[in-house]
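Visitor:
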Amino acid sequence: MTVYLDKNENAFDIPENVKYEFMEYIKKTNLNRYPEKGLPSLLEKIGDFSGFNDENIIVGNGSDELLNILINQAKGDILINTPTFEMYNFYANNYGYNTVNVPLKSDFSLDTENIINKNNIKLIIICSPNNPTGNLIDMGQVEQILELGIPTILDNAYYEFSGEDYTDLLNKYDNLIILRTFSKAFSMAGLRIGYGIANKNVISNIKKLQAPFYMNVLSAKLAEIMIDNYSTVQEHVKYIINERERFYNAVKEIAYDSKANFLFLKKDLYSYMEKHDIIIRKLPLLKDRSRITVGKKEENDIAIDAIKEYISKNL
Ligand SMILES: *Cc1c(COP(=O)(O)O)cnc(C)c1O
Numbered sequence: 001m002t003v004y005l006d007k008n009e010n011a012f013d014i015p016e017n018v019k020y021e022f023m024e025y026i027k028k029t030n031l032n033r034y035p036e037k038g039l040p041s042l043l044e045k046i047g048d049f050s051g052f053n054d055e056n057i058i059v060g061n062g063s064d065e066l067l068n069i070l071i072n073q074a075k076g077d078i079l080i081n082t083p084t085f086e087m088y089n090f091y092a093n094n095y096g097y098n099t100v101n102v103p104l105k106s107d108f109s110l111d112t113e114n115i116i117n118k119n120n121i122k123l124i125i126i127c128s129p130n131n132p133t134g135n136l137i138d139m140g141q142v143e144q145i146l147e148l149g150i151p152t153i154l155d156n157a158y159y160e161f162s163g164e165d166y167t168d169l170l171n172k173y174d175n176l177i178i179l180r181t182f183s184k185a186f187s188m189a190g191l192r193i194g195y196g197i198a199n200k201n202v203i204s205n206i207k208k209l210q211a212p213f214y215m216n217v218l219s220a221k222l223a224e225i226m227i228d229n230y231s232t233v234q235e236h237v238k239y240i241i242n243e244r245e246r247f248y249n250a251v252k253e254i255a256y257d258s259k260a261n262f263l264f265l266k267k268d269l270y271s272y273m274e275k276h277d278i279i280i281r282k283l284p285l286l287k288d289r290s291r292i293t294v295g296k297k298e299e300n301d302i303a304i305d306a307i308k309e310y311i312s313k314n315l
C-alpha cells in the first residue's frame, strides 16, 4: 500500500460526528439558492474564534484565492524569500509581475538588510512557518520588514502547529495581512477555505475585489461546524506535533527541525522513497532537498525505517 506524505495534508479526516451534522444540514438546505452574500455567519464565526471583529476577517476559496487577489492587486514588483511556497511565483507570473527574490540566509532566517535595500517593492510575502524549510521567521525580523510600510502578507498556513502567534502585530501595523487556512490543522484541504486577518480598511478594500458568492454553502457550513469542534482539531494537532518530534529525532542527521506538519530533508529522497512505496514532495528548484509530511504513527514508522536505512547505507 502506498503511503502519501507529499502534500502536507492532515493525517486525520474530519471526525464522523461532524460528517453526520453536515449531512443533516444538507438534508434541510435548499441548494438551489445562492449563499447569503459575503457569508456573514462564517465571517462572524471565524472572527469570534480568532478573537477579532468580523470586519477584520476575509474568507477565501482556499487561502490561494486570497493570495491570488492580493498579488493581482500589487500591480508591481513582489518580494519573496526562497526557498518558499511556489504559488507566490505562480500568481505573480500569471499577472506578469516581477518577483524580486531575496533568498533566506543559510539558517533560513530573513535577509532583512537586503530586503530593506530593495526599491519599488509593492508587496512583500513572508511565509512562517516557511514551506518547505519548516522554520518560524523571527517576530522581530517581521517587525523590521513591517516598518517599511509596504503591504506585507504573512502566510501563516501552519499556524496551529507552530506555537507562534503574530496577530499582536496587527495592532501596530496596518500594512500587514495574516493568512491562515482550514486545509492543514483543520483537515479540510478538500473543501478549499482560507482566511485573512487585517485592519478593517484593508479588509474592506480586498472584499471589493472578491465575487459576492465566492464560496459554496457546504464548505462554509463545514468550516463553522469544525470551529464548534475545535477540541478535536487540537487533539489532532497535538498528535501531529508529537509525531513530528519523534520523526525528527529519529532522522536528525538528514532533517531540519520543524514548526509545521512536515520535515525538510537534506537530501532528495524522492526516488528512493518511491521505491519503498512512500510518496514525498520533490522540490524541483532545490536539487538536494525534499520534503516529507508528518502522517499517522503507522505511516511515519514506515517512512522512518526507510530513511534510517538510507542513512545507514549512504551517510
Ligand atoms: C498549504 C499552504 C497554503 C494553504 O492553501 P489553501 O489554498 O488554503 O489550501 C497556503 N500557504 C502555504 C505556504 C501552504 O503550504
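1 is the number of the first residue of the sequence shown in this note's numbering; add one for each residue after it. We treat Cβ as the ideally placed atom computed from N, Cα and C, and that holds for glycine. Please read these numbers as outputs of a predicted model, since none were measured by experiment.
(1) Which residue comes first and which comes last in the alpha helix (DSSP H) that contains F264?
(2) How many Å lie between Y91 and R180 at the Cα?
(3) What do you get for M29, buried or exposed, if any count of 16 or more other CB atoms within 10 angstroms of its CB means buried?
(4) Taking all protein chains shown into account, do 16 or more other C-beta atoms lie within 10 angstroms of the C-beta of E235, making it buried, or fewer, making it exposed?
(5) Report, in whole angstroms, the separation of the C-beta atoms of F161 and M226, which I expect to be a contact under 8 Å.
(6) Am I right that L67 and I58 are in contact with their C-beta atoms under 8 Å? What's the rounded C-beta distance?
(7) Just mark A303 as buried or exposed, buried being the case when its beta carbon has 16 or more other beta carbons within 10 Å.
(8) Enumerate in chain order the residues of its own chain whose CB-to-CB distance from L315 is below 8 Å, with the five nearest sequence positions on each side excluded.
(9) Pick out whichever of I278, S312 and I311 has its Cα sitting closest to the Cα of E299.
(10) Quick one: what's G60 bridged to in DSSP?
(11) Would you mind working out which of N216, I71 and L154 sits nearest I26, comparing C-alpha positions?
(12) Does the pairing of the region 117–127 with the region 267–282 give three or more beta-carbon distances under 8 Å?
(13) Suppose the cutoff is 7 Å on Cβ atoms and the five residues either side in sequence are ignored; what does the same chain contact list for N114 look like?
(14) Identify which residue in T99, S231, R244 and S50 has its Cα closest to the Cα of I71.
(15) How big is the Cα-Cα spacing for K184 and Y256?
(16) Name the residue from Y4, E309 and I14 whose alpha carbon lies nearest to the alpha carbon of A189.
(17) Given a threshold of 16 other Cβ atoms within 10 Å of its Cβ, counted over all protein chains shown, does G149 qualify as buried or as exposed?
(18) For L191 and Y4, I'd like the C-alpha separation in whole angstroms.
(19) Helix, strand or coil: how does DSSP classify N249 here?
(20) Using the three-state DSSP reduction, which class does Y4 fall into: helix, strand or coil?
(21) Kindly identify the DSSP beta-bridge partner or partners of I153.
(22) Answer yes or no: do A220 and P35 have a C-beta to C-beta separation smaller than 8 Å?
(23) Using only the alpha-carbon positions, how far apart do P151 and M23 sit?
(24) Within this structure, are the beta carbons of I317 and N156 separated by less than 8 Å?
(25) How would you label R33, buried or exposed, when you count the other beta carbons within 10 angstroms and need 16 or more for buried?
(26) Going by alpha carbons, who is nearest to A250 out of L209, K238, A74 and K297?
(27) Bridge partners for K282 per DSSP, in chain order?
(28) Write down the C-beta distance between G47 and D54 rounded to the nearest angstrom, noting that I regard them as a contact closer than 8 Å.
Guide: Checking against the coordinates, here is how it stands:
(1) Run containing F264: none in the alpha helix (DSSP H); it sits in the beta strand (DSSP E), F262 to L265.
(2) Straight-line Cα distance between these residues: approximately 18 Å.
(3) Looking at the sequence provided, one finds Thr at residue 29 rather than Met. Around the CB of T29, fewer than 16 other CB atoms lie within 10 Å, so the residue is classed as exposed.
(4) Exposed.
(5) In this structure F161 is not in contact with M226, their Cβ atoms being roughly 16 Å apart against a cut-off of 8 Å.
(6) The beta-carbon distance between L67 and I58, rounded to whole angstroms, is 12 Å. This is too long to meet the 8 Å contact definition.
(7) Burial call: buried.
(8) Result list for L315: E253 and I254, in chain order.
(9) Of all alpha-carbon atoms in I278, S312 and I311, the one lying nearest the alpha-carbon of E299 is that of I278.
(10) Looking at the DSSP assignment, G60 forms a beta bridge with G194.
(11) Relative to the Cα of I26, the nearest Cα in the group N216, I71 and L154 belongs to N216.
(12) With the cut-off at 8 Å, the region 117–127 and the region 267–282 do not touch.
(13) Sequence-distant partners of N114 (beyond 5 residues in either direction) whose C-beta falls short of 7 Å from its own C-beta, in its chain, are V102.
(14) Check the Cα spacing between I71 and each of T99, S231, R244 and S50: the tightest is with T99.
(15) When rounded, the distance between both Cα atoms is 20 Å.
(16) The closest CA to that of A189, considering only Y4, E309 and I14, is found on I14.
(17) By the neighbour-count criterion, in which a residue is buried when 16 or more other Cβ atoms sit within 10 angstroms of its Cβ, G149 is exposed.
(18) Those two C-alpha atoms are separated by around 19 Å.
(19) DSSP places N249 in helix when its eight states are reduced to three.
(20) DSSP places Y4 in the strand class (E or B) of the three-state scheme.
(21) Paired residue(s): I125 and I177.
(22) Their beta carbons are under 8 Å apart, which means A220 touches P35 by this criterion.
(23) Straight-line spacing of the CA atoms in P151 and M23 works out to 41 Å.
(24) Within the shown structure, residues of the chain are numbered from 1 to 315, placing residue 317 beyond reach of any answer.
(25) Exposed is the call here.
(26) Here the closest residue by C-alpha is K297.
(27) S290.
(28) Between G47 and D54, the beta carbon gap of about 4 Å places them in contact (Cβ cut-off 8 Å).
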